[in-house]
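Undergrad: Take a look at this one; I'll ask things after.
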Amino acid sequence: MSDTRRQLLNVITAISQAAVPAMPALGIGISVGARDGAASPLEVPAGYAFSIWGLIFLLGLIYAVQQALPSARQSSLYRDIGSGAWMLFGLSTAWMVVAQLNGPNAVLATIIVVMLVIAIRIILAAWDNRGDTGRTVVLPLFGLYAGWLTLATALNVSGVLRDFGFAPFDLPDWQYASLVLLAAALVAIPVLMRVRGLIWYAAAAIWGLVAVAVKDIPMGAPEAYVGYLAAVIATVLLLVSANYQRAKHREPPYPFV
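Position 153 of the sequence shown, counting from 1, maps to 152 under the numbering used here, and the rest follow consecutively.
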C-alpha cells in the first residue's frame, strides 16, 4: 500500500469512528452505554465508564491530523502500524453502528475480538519502535484502546454465551461474572508485562474494573464479591504497572515511553 493511501485511510477511518457515536443524537439507534447498561450483568461496568471512548476518539482525531502531515509519509512507525490502525478504526466504526442499531452480540463479539488482536499488535510494534516521536500519540491512543478492549472483549464474548444459553453454566450469576473478569485478567496481565507496564494500557483496564466495583459493591453479598474481585484485579494491574515504572529508572532512558 502506498504511503498516501495509508495516510488517507487512517484519516477517514479515525474521523468516522468519532462521528458514528452521534447517531443516537440524530434519532438513529441507542447509545452504546445505554445498550450495555440496559442488560447490566454483574461483569459490565457502570455506564459512566464508557465515556472513555470520548478520550479515545479525541486522540484518534489528533492521530488523524498527524497522519495528514507530509512528515507522516516517511515515518517508519506509521508505516509499521498504519494498516492495522485504519483497520482498527474501521472495525470500531462498524462495531459502533451494529451496537447502536441493537445488532446481535455474536457479530459484536467477532468484531471486537479482531479489534483486540489488532490493538495489541499495534502497541507491541510501537513499544519496540523506540525513539520515534510519533509514539507521543500512538502509545496513549492505542494503549487506551487495547486496555479497554481487553475488558470489552471478555464482556462481549460473555454476552454471546448468555444469548445462546451456554452461560452462566449453571453457576450463580456472581460466580459466572467473576470468571469473566478473571478471563480478562489472564489477557491483561501478560500484555501489560510485555509492554513493561505501559501506563495507558493499565489505566484503561483499571478504569473499567473500578467501574465494575463501583456498580457491584453497593449491591451487597453475593453480588458485591464481583466488585471486590474487580478491585483486586485493578490493584494487581496497578502494582504491575508501577513496578515497571520504577524499573525504568534503572534502565537507559527512552523518550515517549
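Here a beta-carbon is modelled for each residue, glycine too, at the ideal position from N, C-alpha and C.
Here the structure is a predicted model, which is why all the values come from computation and not from measurement.
Taking the straight line between their C-alpha atoms, what separation do you get for Ala-182 and Leu-150?
TA: C-alpha separation (whole angstroms): 9 Å.
Undergrad: If you draw a straight line from the C-alpha of Val-31 to the C-alpha of Gln-174, how long is it?
TA: Looking at the two C-alpha atoms, the distance is approximately 25 Å.
Undergrad: Report yes if the C-beta distance between Ile-198 and Ala-125 is below 8 Å; otherwise report no.
TA: No; because the gap between Cβ atoms is not below 8 Å, this pair is not in contact.
Undergrad: Which first and last residues belong to the alpha helix (DSSP H) in which Asn-101 is found?
TA: Neither: Asn-101 is in no alpha helix (DSSP H) and is coded neither H nor E.
Undergrad: Helix, strand or coil for Ile-188 per DSSP?
TA: Note: Ile-188 maps to helix in three-state DSSP.
Undergrad: When you compare the CB positions of Trp-94 and Ile-111, do they come within less than 8 Å of one another, or not?
TA: A contact, by the Cβ cut-off of 8 Å.
Undergrad: Is it buried or exposed for Pro-217, if we count other Cβ within 10 angstroms and need 16 for buried?
TA: Counting Cβ neighbours within 10 Å, Pro-217 comes out exposed, since fewer than 16 surround it.
Undergrad: Could you name each continuous alpha helix (DSSP H) segment of 4 residues or more that falls completely within the stretch 117 to 173, going from the start of the chain to the end?
TA: Runs of the alpha helix (DSSP H) inside the stretch 117 to 173: 134 to 162.
Undergrad: Once you ignore the five residues that flank Val-179 on each side, which residues in its own chain have a CB closer than 6 Å to its CB?
TA: Excluding sequence neighbours, Val-179 sits near Glu-42, Ala-153, Ser-157.
Undergrad: According to DSSP, is Pro-252 part of a helix, a strand, or is it coil?
TA: Only weak support is given to the placement of Pro-252: the predicted model assigns it a pLDDT of 44, under 50, and the value that follows is read from those uncertain coordinates. If DSSP states are grouped into helix, strand and coil, Pro-252 belongs with coil.
Undergrad: Run through DSSP, which three-state label would Ala-45 get?
TA: Three-state DSSP puts Ala-45 in coil, outside helix and strand.
Undergrad: What first and last residue would you give for the alpha helix (DSSP H) that runs through Val-235?
TA: Its alpha helix (DSSP H) spans residues 223 to 246.
Undergrad: Could you compute how far the alpha carbon of Met-114 sits from the alpha carbon of Trp-147?
TA: Their Cα atoms are separated by approximately 11 Å.
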